[in-house]
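Engineer:
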Amino acid sequence: MRETLNRAQPPAPEKPRPFHFPSFDRFTMDNNLQILVAHNTDIPIVDVHLCIHCSPLCDPADKEGLAFLMAELLTEGTGNRNSEAISNAFEFLGAQYGSFADWNAVHVQFNVSTRHLAEAFEVFADLVQHSTFPIEDFKRIKKETLIDRLRVSDNPAKLAGEGFAQALYNNYRYSLPREGTRETLERISIEDVRAFYAQNMTAKNATLIFAGDITKEKVLALSEKYLGNWPEGDKAQVAPMHFDIPMRNELYLIHKPGAAQTELRMGHLGIDATNAHKHAVSLMNEILGGYFLSRINMNLREEHGYTYGAHSYFASRKRTGPFVIAAAIESRFIAEAIREVFKEVNALRERPVDTETLQNAKGYLMGVFPIVFETVDQIAMALSNITVLDLPDDYYQTYRDKIAALGAHDIQQAAQKYLHPGQMQIVVVGDRTEIEAKLKKDFNVHVLDVNGIAIE
Amino acid sequence: MHIDFEQYYLNNGLRVILHEDRKAPVVAINIWYNVGSKHEEIGRTGFAHLFEHMMFQGSQHVPPDMHFQMIQSAGGTLNGSTFFDRTNFFEMLPSHFLEMGLWLEADRMGFFLPALNQDKFDRQREVVKNERRQRVDNVPYGTWFEKMLERAYPADFPYHWPVIGYMEDLDKAILEDVKQFFKMYYAPDNASLVVAGDITIEKTKKMIERYFASIPKGHNRPQKTFRFDGFNLGEKTTKVKDNVQLPRLYIGYHIPGFGRQQTYRADLLSDILSNGHSARLYRSLVYQKQLAQDAQAFILPLKETSLFLLVVTAKPDISLDVLHEEVQREIDQLRQGNINDHEIQRAKNQIEAQKLREKQSVTSKADNLNLYAVYFDNPALINSEFKFYESITKKELQKTAEDFLSIDNRIVLTFIPQNH
């Protein structure tokens, strides 16, 4: 007999197959270098990721950009290899490699097929321990960075992000870009870079992560051979955060003549990475602006067509990160869009979410978990978060259970405690002739040019 | 790393490819429709992509907004993309939701029209116009790509216009167009379905049969053929003023369609020029001479005919004439066969490693299987495509550079800061 198919009835799920975040080993070498290993033989690839526990937060005042420059220069020369020899070595092996500073650490990373691991690791260990910062490379990279600063005014999304950081963080380090500004970069000398490296690039101030096709024994052998003599040094200290938090709404309009759209950033101070309500906040944000189904996206995009997409996030940083709502809005609807955002933020504070909304968001965060840990670099990045943000080792193992335990009450509490509509700093980048008059009805508008200078 | 798969067809012509990979409890569902912006009419540009948006708006048995909701609330991710030659739809789901994912894809393949309405269409048109503003009009140098296409191809050749389309054409699209387009192109015999990941083959076959087999074949699908022979018709140059700080040079050379031997060679040439800091353009223009802020070469692989593209940004106070001369010097080196074995091997090693990295993700495996199936009727290329690169010789590279990277075969666009 032919089976009859009722298409109106969505097929029910089967029994789920369990997924576990990869287990990992943690050990310490004699020079106090921490090592984390997640062993996985699915594909003959290894991702090696070193986190140095210093970041732009360690930049001296007036020399913002120092950590960034040091990170950029790590691949530019050692006592044994110049810049060309370094790129030749990695790239001939088919490796991807790089070094960069984000807000939480300096990262040195490479990804290579297992059979070339030892050769690549030797070059990597050379950069880590024997960088010399040749003067001509310092000048070249500094010049490139200065030219990139010059180009920020071309880019509305970048202008909006930088304007928002400035509005929110006052004189704290987070108010300036990681790479600093023209003025602060100009003040940085090669001696500053060498001193920063000597101070911070030490075994005790670092965590080395391996993910992929490598055993613990092999990790120990490689690390002992190539990093066994790395001087121990000290852990870098980061000063406590201190600045005047803006307590009332301000709107900054960065005038970009002829802009085809208006870039919007709004938000306020968020949470610490180790906040006790972190899971509730992340579920609350998912509902507000995290995934496609979120209220802000469904409202601004699907209901009104004001934008191609809108989202929000609480940034995970070593010190209190920002809470940001971001979207590129059709200019003639900018005032309406901001009003709708406020409406959604207030609704989440005023009323508990319904069961369907709650279950959708929980289902997403719990179910999407195995999908975001498919590749060895994703796993290494997750371990890097554990180490740089001081998360517990079982953070990922317990994540889904903690989300599962949350209810509508927790969401509303998190919204009331961590959403502050009265403290929103709002930055728009667009053509003032199209947007200023509309915004003046609701806000005290400060108009700036693309260089951040107040204009009439 | 060999990828095992099984390919078969349903009676209605739907191509099915299954690949089992049980390392994580996730499954990728990936459908390619053999339709893209090249099937659009002049004056109706951007339509294939606007249509793609409508496919997320529900179907007869899936209420509005529920397509997104069912997948995301299960912990899945989803998207679609439109290109010149094809449109794809893909979702990743926890594997116990496989059947629901197949049901959703079948519903919009077989029962899309009853759910269509004017209101949804008008809103998605606004969303797409905002997508264009965000990705093209409000981006520095953002119109370079369509300017390149407009100059590379004649007005009646369908690579002449960008996939996202022009604003005035998006305004012209009407609901009736959506119906016609669906009837013409969205049918099982014009599609290819890949299911990859944590599946059992026999059970998955039954599910696919259950949901897809009764969807009727398409009819009256126009059999369009495309022929491009505009090679070596003389250099075209255009100067554009834009609101940018640094001048930038774009060069496009005509090369043959994706999948041809010369196109693989051109791809390898582009890697020799610019894959990494040991590659020629970076080494020479950015590192040694410090004339450029950045420099890239890559190919745009299209089914009918492709482009080899160079993008080089000048440092402040460096004239584009000087930069252009330097870029020409690098191209001349390739044309003269001044290429060493070491850099050829380096570029091959990079491609091989990249192909290995892609095999970590079931989404990427599913999409690649469909790419080789839909473009070349040969999904097995997922395992063998690298051989095309591996066997390329220095002499072949030189010949390809000589044949295609010539002045009379190129388009040059220069972007100049407005305030200069």
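These protein sequences, in sequence, are chains A and B.
Each residue of the first sequence is one higher than the last, beginning at 1 in our numbering.
Each residue of the second sequence is one higher than the last, beginning at 457 in our numbering.
We put the CB at the ideal spot given by N, CA and C, even for glycine.
Scan the segment 701-733 of chain B for residues whose Cβ lies nearer than 9 angstroms to a Cβ of chain A and list them as they occur along the chain.
Structural biologist: Flagged, chain order: Gln701, Leu702, Asn731, Gly732 and His733.
Engineer: Look at Leu729/B and Ala753/B and say whether their C-beta atoms are less than 9 angstroms apart.
Structural biologist: As a working mapping, residue 729/B is identified with position 273 in the second sequence. As a working mapping, residue 753/B is identified with position 297 in the second sequence. Yes; because the gap between Cβ atoms is below 9 angstroms, this pair is in contact.
Engineer: Locate the alpha helix (DSSP H) running through Ala120/A, then write down its first and last residues.
Structural biologist: Here residue 120/A corresponds to residue number 120 of the first sequence, with the count starting at 1. Leu117 to His130 is the extent of the alpha helix (DSSP H) around Ala120/A.
Engineer: My assumption, with CB atoms under 8 angstroms, is that Lys63/A sits in contact with Thr262/A. Please give the rounded CB distance.
Structural biologist: To locate residue 63/A, count along the first sequence from 1; it is residue 63. To locate residue 262/A, count along the first sequence from 1; it is residue 262. About 34 angstroms; that fails the 8 angstroms criterion.
Engineer: With DSSP as the reference, identify every bridge partner of Cys51/A, one or two as the case may be.
Structural biologist: Within the first sequence, the letter at position 51 stands for residue 51/A. Its beta-bridge partners are His107/A and Thr207/A.
Engineer: Determine the extent of the alpha helix (DSSP H) in which Val345/A is found, giving its start and end residues.
Structural biologist: Mapped onto the first sequence, residue 345/A falls at position 345. Looking at the DSSP string, the run of the alpha helix (DSSP H) that includes Val345/A is Ile334 to Glu350.
Engineer: In the DSSP output, which residue or residues are listed as bridge partners for Thr501/B?
Structural biologist: Here residue 501/B corresponds to residue number 45 of the second sequence, with the count starting at 1. In the DSSP output, where bridge partners are listed per residue, Thr501/B has none listed.
Engineer: Along the segment 341-367 of chain A, what residues have a CB closer than 9 angstroms to any CB found in chain B?
Structural biologist: Correct list: Glu356, Gln359, Asn360, Ala361, Lys362, Gly363, Tyr364, Leu365, Met366 and Gly367.
Engineer: Should Ala118/A be flagged as near chain B, meaning a C-beta pair shorter than 9 angstroms?
Structural biologist: Taking the first sequence and counting its residues from 1, one reaches residue 118/A at position 118. With 9 angstroms as the cut-off, Ala118/A does not count as an interface residue toward chain B.
Engineer: Kindly indicate which residue of Val46/A, Val368/A, Ala337/A and Leu5/A has the alpha-carbon position closest to the one of Ala120/A.
Structural biologist: Residue numbering aside, residue 120/A sits at position 120 when the first sequence is read from its first letter. If we check each option's Cα against that of Ala120/A, Val46/A comes out closest.
Engineer: Taking the alpha carbon of Ala608/B as the point to measure from, which residue in Ile872/B, Ser762/B, Lys850/B and Pro481/B has its own alpha carbon closest?
Structural biologist: Reading the second sequence from its first residue, position 152 is the one you call residue 608/B. Comparing Cα positions, the closest option is Ser762/B.
Engineer: Are the segment 816-826 of chain B and the segment 542-554 of chain B touching, with three or more C-beta to C-beta distances below 8 angstroms?
Structural biologist: With a cut-off of 8 angstroms, the segment 542-554 of chain B and the segment 816-826 of chain B count as touching, because enough Cβ pairs lie within range.
Engineer: Count the CB pairs spanning the segment 60-79 of chain A and the segment 712-730 of chain B that are closer than 8 angstroms, and state whether there are at least three.
Structural biologist: Flag = no, the segment 60-79 of chain A and the segment 712-730 of chain B do not touch.
Engineer: By how many angstroms is the C-alpha of Ala751/B removed from the C-alpha of Val634/B?
Structural biologist: In the second sequence, the residue the question calls residue 634/B occupies position 178. In the second sequence, the residue the question calls residue 751/B occupies position 295. When rounded, the distance between both Cα atoms is 41 angstroms.
Engineer: Should Pro644/B and Phe668/B be called a contact, given that it needs their Cβ atoms to be closer than 9 angstroms?
Structural biologist: The residue you call residue 644/B lines up with position 188 of the second sequence. The residue you call residue 668/B lines up with position 212 of the second sequence. Yes; because the gap between Cβ atoms is below 9 angstroms, this pair is in contact.
Engineer: Could you run through the segment 67-84 of chain A and flag, in chain order, every residue whose CB is less than 9 angstroms away from some CB of chain B?
Structural biologist: The segment 67-84 of chain A vs chain B, Cβ under 9 angstroms: Thr75, Ser83 and Glu84.
Engineer: CA-CA distance, Thr520/B and Gln513/B?
Structural biologist: Walking along the second sequence from the start, residue 520/B turns up at place 64. Walking along the second sequence from the start, residue 513/B turns up at place 57. According to the sequence shown, residue 520/B is Pro rather than Thr. Using only the alpha carbons, I get a separation of about 5 angstroms.
Engineer: Hey, out of Asn104/A, Lys441/A, Ser153/A and Thr4/A, whose CA is closest to Val388/A's CA?
Structural biologist: For the purposes of this step, residue 388/A is identified with residue 388 of the first sequence, where counting begins at 1. For the residues Asn104/A, Lys441/A, Ser153/A and Thr4/A, the minimum Cα distance to Val388/A belongs to Asn104/A.
Engineer: Kindly list, in the order they appear in chain B, the residues whose Cβ is closer than 7 angstroms to that of Ser113/A.
Structural biologist: As a position in the first sequence, residue 113/A is number 113, starting the count at 1. The contacting residues are Ala809 and Leu812.
Engineer: Does Arg459/A get closer than 9 angstroms to chain B when you measure Cβ to Cβ?
Structural biologist: With chain A represented from 1 up to 456, any question about residue 459/A goes unanswered, as that position is not in the structure.
Engineer: Can you tell me the Cα-Cα spacing of Ala803/B and Lys639/B, whole angstroms?
Structural biologist: Walking along the second sequence from the start, residue 803/B turns up at place 347. Walking along the second sequence from the start, residue 639/B turns up at place 183. The straight-line gap from Cα to Cα measures roughly 44 angstroms.
Engineer: Using DSSP bridges, identify the partner residues of Asn486/B.
Structural biologist: If you number the second sequence from 1, residue 486/B lands on position 30. Partner(s): Phe546/B and Val650/B.
Engineer: Report yes or no: is there a C-beta of chain A within less than 9 angstroms of the C-beta of Gln806/B?
Structural biologist: Counting from 1 along the second sequence, the entry for residue 806/B is found at position 350. Output row for Gln806/B: interface = yes.
Engineer: What does a CB cutoff of less than 6 angstroms around Val868/B pick up in its chain, not counting 5 residues either side in sequence?
Structural biologist: One-based indexing of the second sequence puts residue 868/B at position 412. Contacts found: Thr693 and Ile707.
Engineer: For Pro596/B, which residues of its own chain have a beta-carbon under 6 angstroms away from its beta-carbon, when the five flanking residues on both sides are left out?
Structural biologist: For this step, residue 596/B is matched to residue 140 along the second sequence. Here the set comprises Val700.
Engineer: Measuring straight from C-alpha to C-alpha, what distance separates Gln166/A and Lys815/B?
Structural biologist: Within the first sequence, numbered from 1, the residue matching residue 166/A stands at position 166. Within the second sequence, numbered from 1, the residue matching residue 815/B stands at position 359. Each residue's alpha carbon lies about 42 angstroms from the other.
Engineer: For Ile254/A and Lys440/A, what's the separation of their Cα atoms in angstroms?
Structural biologist: As a first step, residue 254/A must be located in the first sequence, where it is residue number 254. As a first step, residue 440/A must be located in the first sequence, where it is residue number 440. One C-alpha to the other measures close to 14 angstroms.
Engineer: Using the beta-carbon of each residue, which ones in chain B are nearer than 8 angstroms to Ala259/A?
Structural biologist: Translated into positions along the first sequence, residue 259/A becomes position 259. Under the 8 angstroms cutoff, chain B gives Asn594.
Engineer: What residues are listed by DSSP as bridge partners for Leu534/B?
Structural biologist: Counting from one through the second sequence, the residue named residue 534/B turns up at place 78. Answer is Glu547/B.
Engineer: Output, in sequence order along the chain, the residues in the segment 140-172 of chain A whose CB is closer than 8 angstroms to any CB in chain B.
Structural biologist: Per Cβ criterion, the list reads Arg140, Lys143, Glu144, Ile147, Asp148, Leu150, Arg151, Ser153, Asp154, Asn155 and Pro156.
Engineer: Between the Cα of Lys576/B and those of Gln237/A, Glu302/A and Pro240/A, spot the shortest distance and give me the residue it belongs to.
Structural biologist: On the second sequence, position 120 is the one that residue 576/B refers to. Ranking the options by Cα distance to Lys576/B, first place goes to Glu302/A.
Engineer: Name, in chain order, the residues that DSSP records as bridge partners for Phe871/B.
Structural biologist: Start at 1 with the first residue of the second sequence, and residue 871/B comes out as number 415. Phe871/B is bridged to Val696/B and Arg704/B.
Engineer: Which stretch, first to last residue, makes up the alpha helix (DSSP H) that contains Pro16/A?
Structural biologist: Position 16 of the first sequence, counting from 1, holds the residue named residue 16/A. Unbroken run through Pro16/A: none, as it is neither H nor E.
Engineer: Counting contacts by CB-CB distance shorter than 9 angstroms, is Asn586/B in contact with chain A?
Structural biologist: As a position in the second sequence, residue 586/B is number 130, starting the count at 1. Judged by the 9 angstroms Cβ criterion, Asn586/B is in contact with chain A.
Engineer: Taking 9 angstroms as the CB-CB limit, is Gly621/B close to chain A?
Structural biologist: The count along the second sequence starts at 1 and reaches residue 621/B at position 165. So, not an interface residue.
Engineer: Residue range of the alpha helix (DSSP H) that Ala167/A falls in?
Structural biologist: On the first sequence, position 167 is the one that residue 167/A refers to. Per DSSP, Ala167/A belongs to the alpha helix (DSSP H) from Pro156 to Tyr169.
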